[in-house]
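Have a look at the structure below before the remarks.
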Amino acid sequence: MFFKREKKDSGLTGGKSAARSYDKEKVKPAIRCSICTGEQVAGFLNKRSGQFEEIALIREPRDLEDFKRTYGITDQIEKFY
């Protein structure tokens, strides 16, 4: 009755997956922070529309480093609220 689903490697868990890329002309990496709960989500902000695409929940500093390494980001990431 119950089926086990295979977990897919999101690339943010430390698995050996290929580096991912993003269109640097259209989007920029950003962290959305909640004022109320303090929750932080890393993703990409569309420069034209302002739409934010969530990629990873940041629970600890290691999660942010994994996100930056996965997408080859070396610069400081902008936070917005």
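Per the working numbering, the very first residue in the sequence shown carries number 1; after that it's consecutive. Note that CB positions come from ideal geometry on N, CA and C, so glycine has one too.
Pick helix, strand or coil for glutamate 25, following the three-state DSSP scheme.
Note: glutamate 25 maps to coil in three-state DSSP.
What is the DSSP secondary structure of phenylalanine 67, counted as helix, strand or coil?
Helix at phenylalanine 67.
Do you know how far the Cα of lysine 28 is from the Cα of glutamate 53?
Cα to Cα, glutamate 53 sits roughly 10 Å from lysine 28.
Assuming lysine 24 and asparagine 46 are in contact, meaning their beta carbons sit under 8 Å apart, how far apart are those beta carbons, in whole angstroms?
With a Cβ gap of about 12 Å, lysine 24 and asparagine 46 do not count as contacting.
Considering only the alpha carbon of each residue, which of Arg69, Ala19, Ser49 and Thr37 lies closest to tyrosine 81?
The shortest Cα separation from tyrosine 81 among Arg69, Ala19, Ser49 and Thr37 belongs to Thr37.
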